[in-house]
Each structure stands twice: as structure tokens, then as C-alpha cells.
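Heads up: the structure comes next, in C-alpha cells.
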Amino acid sequence: MIHSGNAITVQMLSDGIAEFRFDLQGESVNKFNRATVEDFAAAIAAVKGNNDIKGLIVSSGKSSFIVGADITEFGDNFAQGEAAIAEWLGPVNSIFSSFEDLDIPKVAAINGIALGGGFELCLVCDYRVMSTAAQVGLPEVKLGIFPGFGGTVRLTRVIGIDNAVEWIATGAQKKPEAALKDGAVDAVVAPEKLQDAAIDLVKQALAGKLDWKAKRQEKLDPVKLNPLEQMMAFNSSKGVILAKANPAQYPAPKLVLDTLQASASMGRDDALKAEAQGFAKAAVTPQAGALIGLFLSDQVVKKISKKHEKNAHPVNMAAVLGAGIMGGGIAYQSAVKGTPIIMKDIGNPQLALGMKEANTLLSKQVERKKLTPAKMGETLARIRPTLSYDEFKDVDIVIEAVTENPKIKEAVLADAEKSVRENTIIASNTSTISITRLANALARPENFVGMHFFNPVHMMPLVEVIRGAKSSDEAVATTVALAQKMGKTPIVVNDCPGFLVNRVLFPYFGAFDLLLKDGADFQQIDKVMEKFGWPMGPAYLIDVVGIDTGVHGAEVMAEGFPDRMKPSYKGAIEIMYDNKRLGQKNDVGFYKYELDKKGKKAKKVDPASYELIAPMVTGEKRAFDDQEIIDRMMLALCNETVRCLEDNIVATPAEADMAMIMGIGFPPFRGGPCRYIDQTGVAEYVAKCDQYAHLGKTYEAPQMLRDMAANNKKFYG
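Using numbering that gives the first Met the number 0, read the sequence shown as starting at 0 and increasing by one per residue.
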């Protein structure tokens, strides 16, 4: 053994070729944490000191190659400020460069995921062989930053400006065929042939059949394009990239483009310094703080879900009651992820509708070549439509997805319970009705939970798992496990009107109604909130959700929280409902909807909306300041999120933030309501609440925030 460390071993294979193997002890994946970087330096020194080593293959002892840098260490490093961040990268880059400068050929054998710092290590090698099971990429831009271990420098020189910009500025993961086509890897082989292929490349290099020194030199020299050609390449790339990413919301893509352009004419070492300075600029942006925080919150949510596994029962067969759009979507999602599901309804036309929904979704996958017709057939075969409960004895969990009416749900749930085993879990896909109330219809309420999917089921990642007063740990855990098996992110919440997501969303709609009452223009509100980062403004959103659905939900919320969700006036949303304007459901709401050239519903301004709203306006018609609109909308939403934490509806700020991002499209680059409050400053946020407290209870700062402000506390330390 030439070197044996906590993260890396180096041992001789044969013919002067050694294996430089990453296998971080005590971790399920390889990552560049402090310990790995230190061991990397020691392993390089060991190789330098061994004259018997003529060539290296770089491999992994885990199923993935290296997943990247250890993001949990970013917080301490990034808190030091821009200059310190750039300085921190210097020694790391020196270690990477010293490996690149070893005067022997080096081949990366990429067996699995190689992302971020993991792929940057591959780029340091002279050649790269990729398994057909692997994926590579530089996804740092999704965290609001960009590669900082030489990725911008080396990839630009390996695959050219155009390709490098696309790889880095979009953060896409690349499959083997795409990586080979762009020239990022030199060969793609079957997993079992990976090591032999890597060794063979080293042997070819040692035999002089491959000019590995020339390959290395390309990465040390400036990009081989003259200034005019460089300018043309960057200008064409900028137009494409910046059209996709608003620099005000996501500054990293523009920063990386500026960095790439500045460093293209430099040699490696100067280019690495330029990369470090650009990286530091991105790292100190609030967007980077929010997006990195979002990644860490996602890890928290995954760990919490994993804790439920020990109490979960296996789910080998599921059932859904109701074959509408939701029922069909749930059946599709279960089947496409491999769990057979029975779909029951009261008539053949309803079953046909559910099967049509599943068939349509699968057909689209086939059209996009993401699924073969044979696989589509296999998936459809996992859905068994039925009119009876005859086969329900084999079902492990039943998901009720009938109309949002408590009496109908209670009757259906009671019927289903009589037809299943005593340990079968029953879940209700309800968006507002109390799980504790619905449980009263059941003989075994301990087996009953809420399982709230969001529409459209196949696209929305969140599932709220609602614990009723009598729900058992086993029922909750089994439902969490099924949601994960279906490819969803489950978040467990306690029972209350609207649960978590809708409870938080309705004060946001209430704030919208109040702004209109005070004389604001709904189009201005939409534009301001979309510029703020929401995928759609509140008027457009309620049109998409369905104004009838909104009115029904508002009634439930008003009954549950009359002090702040029961207005003393008739709002614009209710006025639209009274005038049979249901939004996209009947092509007229706040906007009217007409099919565009692609056959999609496009919103148009409808003067009739203003005529209907006019009588409710008590304030002076005026152009509201954009910040006032943002404050009034966001305070209402964020305050209710904090109240859900106060009431123990949701356990952690991380779960609350993730639920809002996945459930209602809270702007990801703002990190969720709790992180938004942190970035505003808790004391400053409370002051804003006091400024608008005259508008009602919705705007009063929750006691939790007052206590945090008094003690200089944040949600995220």
C-alpha cells in the first residue's frame, strides 16, 4: 500500500500503474470535505515520492464516484466574506493543480455520479472513461454559485466555450452519450469493463500511442480562440442563458459568464484566481444563501422521512377511491413508480375518465421518448379499474380521492373500511377537511391519516401527510413511505383547517382581496409579485386554482380562524364567484382565457373584471408602491407560516420552507418564508408588521417573532 488514509488509498496494480481510490470512511458517498482535501494532499505527496508509479487510474470505492463538495461546510466558509472566500479556494486549487501537474498520465474511471467537485477532479485527470451507469455535471449554479475547484477553467478548454457555458450556466447533469458527444469524456463503457478500459488508456499513454502531455497542456493554456472569436462565442451564449435566468433573481449564471469571459485568455493559474474571485462574488449573494439553505432543508426533510421507516408497513398493493382527475393522477403516479393500484368508482364512465388521465400522461412520456410503448403497457397493467370492493382484501393502503364534501367522504371511508383488513391504512386526499372529524366515521381511526396530493399530481412534488388526533405512528409512517415510493416528498403535519399549505395560502389571498378593496389594481399586484419571484401573481393563481375552490377554502379558513381569516366585507374573489366567473374552469375569472396558437389557454385583460370589483373599493384608486404590495402580501403569508410553527402544525422551519416552495411555488431563490424573514432581519421584519398592524390581526407579528427579535435569534443559525 502506497498510501492509506481516511478518504483515499493508493496501491500498485501492475506494470507501474497504481490505483488512486476515493472511499471516504463512515460516509455513504465520497465528497470533498476538509478531511478529504487534507487526505488528497497527503496521497499526492505519496505518489510524488514513489518513482515506481508510471501512471494512475482514479476510481471510487462507492457506487457513486464523488458527489461534490460538502455543502454543510459552506456556511462557515461563506460567512467570512468575499475576500476570505476567494482566499479559502486558493489552497484547494493548489492541491488540485499539483495533482494535475504530476508528470504521469492519469485516467478517471467514472463509475457513478460525478458532480461539482467530483467532476472537477475528473477534469484534472488527462483522460476520462465513463460507465454507462454514470452521470456527470457541474450543478453549482442551482445553489446560486458556480464551480470553484477549477471547473470553469478546465471545462472551457476541454469542450469549448459554447458547450462549457451550457454545462455550467444551466447546471445540467449529463448522461454518458451527451458527455461523450461534447468531448467531456473520452470513452463510455459498460460498468464491468470500466477499470480495464481505464488501465488500457494509461497503457496507451505510456506506450506513446496517446499524447497525454498535449492533452494536459490544453488545460494549462488560454482558450484557443482569438479575441473576436471569443467575443462572438460569449455573446451568442449570453443571449440564450440570460433569457432563461433573470439576473436579478438568479445572479449566478451572469456572474459565471463574466468570469468565463474574463479568464478565457489567461493561463491556468491566473484563470483559477479569476474563478475564485467570481465564485466569491456569487457566494455572498442572498440568493446563494437561500438556495444553499434550501438544499440543506431538503436534506433535513429527507432525514425526517427516513426516521419513519422503522414504523412503516410494506405497501405491495394500493387502492384509490374516485377515478376523477385526482384519482387518475394518483393511480398513474403509483403505477409508474411500480406499485400496483386498484382504482374504484361507482360507474364505468368515471373509471374510463381515470384511465384516460393515466393513459394521456403515459402517452406524453412515449411521445417524448422517455418511455417505450412496451413500458407504457406494463404501467397501465398495474392499474386495475373496478366497481366493487371484492379485491380490497389484498390492499395495504386505500387513498380516498372523492369530491371535497365531508358527508360524501365519511360515507365512502366507512364503506371502504368494512372491505379491508384490520391493519390496512386508509388515507384521505383532502385539502381542507379535518382528518380528526373524518375519523369519526371510522371504527379504526388509528389507521386513518390525511394524504394531500397537489394538482397536477404527476408534476407537484409535495404530499402533506396529516396526523389526526387518533392517527397511529404506523399509519403515518406507512403513508410517508408510500409517498416516497411514489417519488414524492412527504411532510408530516398536524391536523387543523387547511393543514399547512392551504392555511398559509389563504391569508395571502386575503391580503390580495384587501389590497383591491384599498384601491390597488390586480394587474399591478400580479406583475409586482411575479417580478418578486412567484411563478404567477395572486389573481392569475386563483384563476388557475379555481375561484370556486378558493371560495370553498376561504369558508373553511374563516370558520377555523375567524380572528384573521373572516373578513368583514365581500372580497373580489367572492364577487367573481357570485358572477359565475370560476377562472380557467370556465375561461373567465379575473382574466379571460382564449386558446393561443399552441392550443394553450392564454390570459387576456377583461375590462368587466374592473366593473365588478369597483363597488367593493373603499380606498382611493391609486398606484401602489411596489414595496407596499410586496410587504402586504408577504407579511400575511409569512406570519401564518410562523403561527403554524407556534401551533406545532409543522415541526421545523426547514419543513415549513420546503412545503411552501414545493406546494405553492414560493420563490426558491428566497429560500422559503422562514429564510425570507431571516434575510429581511427578524427585528426589521417585526417592525414591518407593526407598520401594517392597523390592517388587522393577519399583520400582527406572532409572539414567536417578537421573542426572536428580543433575543437576536434567527430560524437558521
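Every residue, glycine too, gets a C-beta built ideally from N, C-alpha and C.
It should be emphasised that the depicted structure is a prediction, and the values quoted were computed from it without experimental measurement.
Continuous alpha helix (DSSP H) stretch holding residue i: start and end
i: T640; result: 625-645
i: R153; result: 150-158
i: P384; result: Where P384 is concerned, there is no enclosing alpha helix (DSSP H), although the beta strand (DSSP E) it sits in stretches over 382-385.
i: I660; result: 652-663
i: P561; result: 561-564
i: E274; result: 267-282
i: K105; result: Run containing K105: none in the alpha helix (DSSP H); it sits in the beta strand (DSSP E), 105-109.
i: L320; result: Counting along the chain, L320 falls outside any alpha helix (DSSP H), though it belongs to the beta strand (DSSP E) covering 317-320.
i: K484; result: 472-484
i: P226; result: 226-243
i: Y718; result: For residue 718 there is no data in the structure shown, the boundaries of the chain being 0 and 716.
i: V300; result: 285-306
Residue i vs residue j beta-carbon contact at 8 Å
i: T640; j: A655; result: yes
i: N110; j: S59; result: yes
i: V491; j: V464; result: yes
i: L360; j: H457; result: yes
i: P190; j: T131; result: yes
i: A318; j: Y507; result: no
i: L193; j: V283; result: no
i: I16; j: G54; result: yes
i: G730; j: E18; result: Here the chain comprises residues numbered 0 to 716, so residue 730 is not present and cannot be evaluated.
i: F453; j: L461; result: yes
i: W211; j: D297; result: no
i: L412; j: S427; result: yes
i: S63; j: N29; result: yes
i: A108; j: V57; result: yes
i: M564; j: M575; result: no
i: A658; j: V685; result: no
i: D517; j: F589; result: no
i: P252; j: V140; result: yes
Host beta strand (DSSP E) of residue i (start-end)
i: Y592; result: 590-594
i: Y126; result: 126-130
i: G449; result: 447-452
i: E399; result: 396-399
i: L370; result: No beta strand (DSSP E) contains L370, which DSSP labels as neither H nor E.
i: V587; result: Run containing V587: none; DSSP gives neither H nor E here.
i: V123; result: Taken as a continuous stretch (DSSP letters only), V123 belongs to no beta strand (DSSP E), being part of the alpha helix (DSSP H) at 116-123.
i: M342; result: 340-343
i: T488; result: 488-493
i: F39; result: Element bounds for F39: not the beta strand (DSSP E) but the alpha helix (DSSP H), 33-47.
i: K620; result: Here K620 belongs to no beta strand (DSSP E), and DSSP marks it neither H nor E.
i: A708; result: A708 -> not in any beta strand (DSSP E); alpha helix (DSSP H) instead, spanning 702-709.
i: A601; result: 600-604
Three-way DSSP call (helix, strand, coil) for residue i in this model
i: S3; result: strand
i: F498; result: coil
i: V462; result: strand
i: R420; result: coil
i: S264; result: coil
i: L350; result: helix
i: A334; result: helix
i: Q248; result: coil
i: A17; result: strand
i: L361; result: helix
i: T697; result: helix
i: Q10; result: strand
i: I52; result: coil
i: I144; result: coil
i: A171; result: coil
The ligand NAD heavy atom lying under 7 Å from the CB of residue i
i: K696; result: Ligands in the displayed structure: none, and consequently the ligand NAD is not present.
*State whether the stretch 524-535 contacts the stretch 625-639, with contact taken as three or more CB pairs (one from each stretch) at a distance under 8 Å.*
yes
*Where in the stretch 173-222 do unbroken runs of the beta strand (DSSP E), each at least 3 residues long, occur, reported from the N-terminal end onward?*
186-188
*Counting only runs of 4+ residues fully inside the stretch 511-553, write out the alpha helix (DSSP H) ranges in chain order.*
521-531, 537-544
_Inside the stretch 56-86 only - alpha helix (DSSP H) runs reaching at least 4 residues_ = 73-77
*Does the stretch 174-192 touch the stretch 132-144, meaning 3 or more C-beta pairs lie closer than 8 Å?*
yes
*For the stretch 258-274 against the stretch 158-169, are there 3 or more C-beta pairs whose distance is under 8 Å?*
yes
*asked:* Under 8 Å: do the stretch 63-73 and the stretch 115-135 share three or more Cβ pairs, one atom per stretch?
replied: yes
_With three or more C-beta pairs closer than 8 Å as the rule, is the stretch 347-359 touching the stretch 321-330?_
yes
*Is it true that the stretch 492-499 meets the stretch 581-593, where meeting means three or more beta-carbon pairs spaced less than 8 Å apart?*
no
*Are there three or more Cβ pairs, one per stretch, closer than 8 Å when the stretch 372-385 is compared with the stretch 396-412?*
no
*asked:* Taking 8 Å as the cut-off, does the stretch 665-673 touch the stretch 563-581 (at least 3 CB pairs, one atom from each stretch)?
replied: no
*asked:* Quick check: the stretch 302-316 against the stretch 467-481, are at least 3 beta-carbon pairs closer than 8 Å?
replied: yes
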